[in-house]
Every structure is written in structure tokens, then in C-alpha cells.
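Residue numbers (the working numbering): -15 to 115.
Below you can see the structure in the form of C-alpha cells.
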């Protein structure tokens, strides 16, 4: 059996059997299942590449780097712990950033220490309350 998309109110849930791998919210993909092994399927879409590994599917964050010069890319990626494009790139949706603030799961699937939301969450909440 292949991938399945179900409409659930304003969400489109993407699953294989009952294993959810992503949700489309406001036209943006929010991942539930991350990985990087297997064979890529199609072209990256919205900053993510779909992979199939055996009978399993998952997504990997593949930032859009088309707007950057080689010099800019070198500066953005030269440090061993860099993650600016994967977690904060221009193609990261607001929904993915909100998910990170609320759950501690970044757009590339990485988690903060102990799985808690980032410490700047308070600033996001205050900004939302002021708006």
C-alpha cells in the first residue's frame, strides 16, 4: 500500500497505513517522521525531500539555497554546528517555526535538549499577546 492523504478539517494528513509522516497546514508541510536514508522520491518540495526506505517513508529537510552565492553558503555552513539553513532558512514556513516554539522540534527534526521548547518561546508568546 502506498501513501495516503486524508482531509481532517483544515489539515491534510499524509500517512502510510496508520503511520503519519506529515501534515499539510495552510499549504505548508509539517513533518511527523524524519530521516535521511533510502531512495529519494521525486524532487524536493517546500524545503523537504521525501524518501522511501524499504516499506517506510520519511522526509528530510533540504533547504532551498538557490538565492545564495557560493560565498554566502560557505559563510552560512562553515562551522561544524551550523544549522541556520536547516532550521531558520528563508523557505521555513511560519507553521514550522511555531511547531518548533511549541514542541521543541525544529524544521529539520532535531530536538532541543530534553525535548523542551527553545528558551526564546517566552518572547514569541509575549509578541503574540501584544499583537
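Note that beta-carbon positions come from the ideal geometry of N, C-alpha and C, so glycine has one too.
Quick caveat, the model's predicted, so the values are computed rather than measured.
Chain-order list of residues whose beta-carbon lies under 8 angstroms from that of residue i (same chain, five-residue window excluded)
i: residue 52; result: 60
i: residue 5; result: -13, -2, -1, 15, 16, 17, 41, 42, 43
Residue i vs residue j beta-carbon contact at 8 angstroms
i: residue 21; j: residue 37; result: yes
i: residue 93; j: residue 13; result: no
i: residue 9; j: residue 86; result: no
i: residue 7; j: residue -4; result: yes
Backbone secondary structure at residue i - three-state DSSP
i: residue 62; result: coil
i: residue 74; result: coil
i: residue 87; result: helix
i: residue 92; result: coil
i: residue 49; result: coil
i: residue 20; result: coil
i: residue -1; result: strand
i: residue 57; result: helix
i: residue 69; result: helix
i: residue 81; result: helix
i: residue -13; result: coil
i: residue 111; result: Reliability of the predicted coordinates at residue 111 is poor, the pLDDT of 47 falling under 50, and the value obtained from them is presented with this limitation in mind. Correct three-state label for residue 111: helix.
i: residue 10; result: coil
i: residue -8; result: strand
i: residue 31; result: coil
i: residue 38; result: coil
Given residue i as reference, the closest of the options once Cα atoms are compared
i: residue 48; options: 27, 75, -6, 64; result: 75
i: residue 31; options: -9, -10, 77; result: 77
i: residue 45; options: 11, 63, 90, -6; result: 90
Residues of its chain near residue i, where Cβ-Cβ distance is below 6 angstroms and the 5 sequence neighbours each way are ignored
i: residue 24; result: 33, 35
i: residue -11; result: -4, -2
Contact set for residue i: own chain, Cβ-Cβ below 7 angstroms, skip 5 residues either direction
i: residue 83; result: 14, 89
i: residue 56; result: none
i: residue 68; result: 60
i: residue 26; result: 34
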